[in-house]
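Positions in the sequence shown are counted from 1; adding 881 to them yields this note's numbering. Just so you know, even glycine gets a beta-carbon here, dropped at the ideal spot from N, CA and C. Note that the structure is a prediction, hence the values are computed from the model and not measured. The structure appears right after this line, and notes come after that.
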Amino acid sequence: MTRKLTRRHMLGLAALQTAATLGLTRIGTGRAHAAQAPDHAPALVIGSGYGSAVAALRLGEAGIRTIVLEMGRLWNTPASDGKVFCSTAAPDRRSMWFRTRTEAPLATFLWLDIVNKDIDPYPGVLDRVSYGDMAVYVGRGVGGGSLVNGGMAVTPSRAYFQEVLPRVDADEMYGTYFPLARRMLGVNSISPDWFESTEWYRFSRVSRKHAHNAGLRTVFVPSVYDFAHMEREAAGTAPRSALGQEVIYGNNHGKRSLDKTYLAAALGTGNVTIETLTRARAVRPEGGGYVVTADRIDDTGAVVETREFGCSALFLGAGSLGTTELLLRARETGALPGLGDAVGTGWGTNGNVMTGRANHLWDTVGADQATMPAMGIDDWANPDHPVFAEIAPLPTGLEHWVSLYLAITKNPERGTFSYDAATDAVRLNWSRSQNQPAVTAAKSLFDRVNRANATIYRYDLFGANRTFADDFCYHPLGGCVLGEATDDYGRARGHPRLYVTDGALVPGSIGVNPFVTITALAERNVRRVIAEDLS
Ligand code: FAE
């Protein structure tokens, strides 16, 4: 099993490299790549994030020829600086999806507009999708969110998982699919000895001390960033990535993103091809299957070709926003009239809210900070305000005495999406006030921390003197909720062989960083679907 997978990975990685070298937008090996009808396959997968990558691998392994459509580009060709990705300190056109200026989560520092930089428009790797009172960060490219995220690979508490998804067999998830997801994603943990001794995690140790002073519990957070590589970075024997201010605009080294794991293995089956810079825009049923209309764009964003892809089975893995948009548009335009009312509902931010605290002069957080969080404050058992707060880095290369956090709270508020026929656009209905429960919960925890340490909040980081960033999130979840918009295995209601396979299935909250859950659920669902519907 292991040897087979390794050979597959190598074949897949070679295909990715060939596509990069030749500048191809079609990636694949074997019979899938040589297919007579490149626009038709038994299975079509939209997107190449966690849910899609799982579907592509398992379909490919089952011998089912599969085409993956990804709107972003393949990220493995070095630019003139010798690097694939740019750093947060020196963002260029590679950083963001068709922008003229970066839109980093921290808008300012000391109230100064020194964080964001002017850039040329390009299919960059990070997008910020704005819907009035809420903006959502997402990854764009082969690997989706895995290219830009903080790598935190957290399994939710069993009790909360059961509360959120009561119809999913928790024994099966915790016995089979969570361990499988962690293994496939390459999850590892930091060495506690190194954590205690390295300058790169001083910021975490200071936050831990302050949390403990307030009687709070901290936990190590597993990661898909290779901590052995990070130790070599610190020792000067490997090129710096997490220790070189690389994260939200991609990591040049160390990160086990999906193109190195699931997608490489999927390509290695010889049954999977990936079409990049190809954005699905419409879905319709035809001949017992589906046809997807997709635009291929060039580096300027211009549509160079519109293609129709036919399939017998369609898997939507375009992320919570992308999948919901495609299905809502299809329902509202009458293309897929059988989809139920639940499509476009049950969306949430996973209770995300960020905040920063100002430390005393003697509590230095260090000029050197690893970009990969390795510790969280776990107060999820708090009956009034459950919070899991990751201790986030702020790697500027200078001492700044800031402790930064991404709090995950149990915000019960949910958003809905609506379709505007005049503009063919999908809108998120979410008001600022809906994030108040998240702010209240985070404030209750960090007020405690501040009281215990005689510290205050920072007012200079999120614009308009705000102490809590409540207008953006990193963890969009829901929109096509499992058991509501779909059956209990992600089969869309009303249309056979149409599946949702990504974060759109999770009902708005999971209590921890979500990609391990999205991966494990996709593994569970696709196994059932292949066995019952596609064999
Ligand atoms: P996702 O990974 O978003 O993939 C969807 C893919 O579909 C993308 O590649 C899109 O470009 C593509 N796509 C969308 N629309 C279309 C279309 N119409 N046609 C073709 N392609 C399309 O979906 N989670 C954690 O668990 N731990 C973390 O440390 C963490 N940190 C994060 C940091 C940042 C900056 C961000 C943005 C997210 C972070 N997340 C983290 C969230 C995590 O990356 C996210 O939950 C997953 O990526 C969602 O997986 P999906 O499969 O749902």
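If you ignore the 5 residues before and after histidine 1110, its C-beta comes within less than 7 Å of the C-beta of Ala1119, His1134, Gly1135, all in its own chain and listed in chain order. Taken from the Cβ of methionine 952, at least one heavy atom of the ligand FAE lies inside 7 Å. Where tyrosine 1041 is concerned, there is no enclosing beta strand (DSSP E), although the alpha helix (DSSP H) around it starts and stops at 1039-1045. Note on geometry: alpha-carbon atoms of arginine 1177 and valine 1184 lie some 6 Å from one another.
A straight-line Cα-Cα distance of about 16 Å links glycine 1125 and alanine 1273. The secondary-structure analysis by DSSP pairs isoleucine 1272 across a beta bridge with Tyr1286.
Within a 10 Å sphere around the beta-carbon of glutamate 1280 sit fewer than 16 other beta-carbons, which makes this residue exposed. The continuous alpha helix (DSSP H) containing methionine 1111 extends over residues 1108-1116.
Between the ligand FAE and the CB of arginine 1177, the shortest heavy atom gap is not smaller than 7 Å. Distances between the C-beta of glycine 1169 and the heavy atoms of the ligand FAE are all 7 Å or more.
For tryptophan 1282, the closest C-alpha among the options Leu991, Met891, Gly944 is that of Leu991. Burial is judged here by how many other beta carbons sit within 10 angstroms of a residue's own beta carbon; aspartate 1222 has fewer than 16 and is exposed. In this structure, proline 1037 has its CB at a distance of at least 7 Å from all heavy atoms of the ligand FAE.
DSSP, read as helix, strand or coil, puts methionine 952 in coil.
Rounded to the nearest whole angstrom, the CA to CA distance from phenylalanine 1190 to proline 1073 is 50 Å. Cβ-Cβ distances below 6 Å link arginine 946 to Ala913, Ala922, Pro923, Asn1152 in the same chain, with the five nearest sequence neighbours on each side left out; the list follows chain order. Assignment of beta-bridge partners to methionine 1256 by DSSP yields Phe1101.
For valine 1307, the beta-bridge partners assigned by DSSP are Tyr1300. In the three-state scheme derived from DSSP, where H, G and I count as helix and E and B as strand, tryptophan 1081 is classed as helix. Per the Cβ contact rule, the stretch 1342-1352 is not in contact with the stretch 1362-1382 (fewer than 3 Cβ pairs under 8 Å).
With respect to tyrosine 1300, arginine 1405 sits apart: the two C-beta atoms are not nearer than 8 Å.
Only exposed fits arginine 1039, as fewer than 16 other CB atoms lie within 10 angstroms of its CB.
In terms of side-chain proximity, the C-beta atom of valine 1234 is found no nearer than 7 Å to any non-hydrogen atom of the ligand FAE.
For glycine 1232 and leucine 1386, the gap between their C-alpha atoms comes out near 16 Å.
Proximity to serine 1104 across Leu897, Val1049, Ser1138 peaks at Ser1138, based on C-alpha coordinates.
Set against 7 Å, the gap from the CB of isoleucine 1337 to the closest heavy atom of the ligand FAE is not smaller. DSSP places alanine 1163 in the uninterrupted beta strand (DSSP E) bounded by 1159-1167.
Taking a 10 Å sphere around the C-beta of proline 1264, we find fewer than 16 other C-beta atoms and assign the residue as exposed.
For methionine 1065, the uninterrupted alpha helix (DSSP H) segment begins and ends at 1059-1066. In this structure, the straight-line span from the alpha carbon of histidine 1093 to that of phenylalanine 1084 is close to 14 Å.
The stretch 1005-1023 makes no contact with the stretch 1253-1268: fewer than 3 CB pairs, one atom from each, lie closer than 8 Å.
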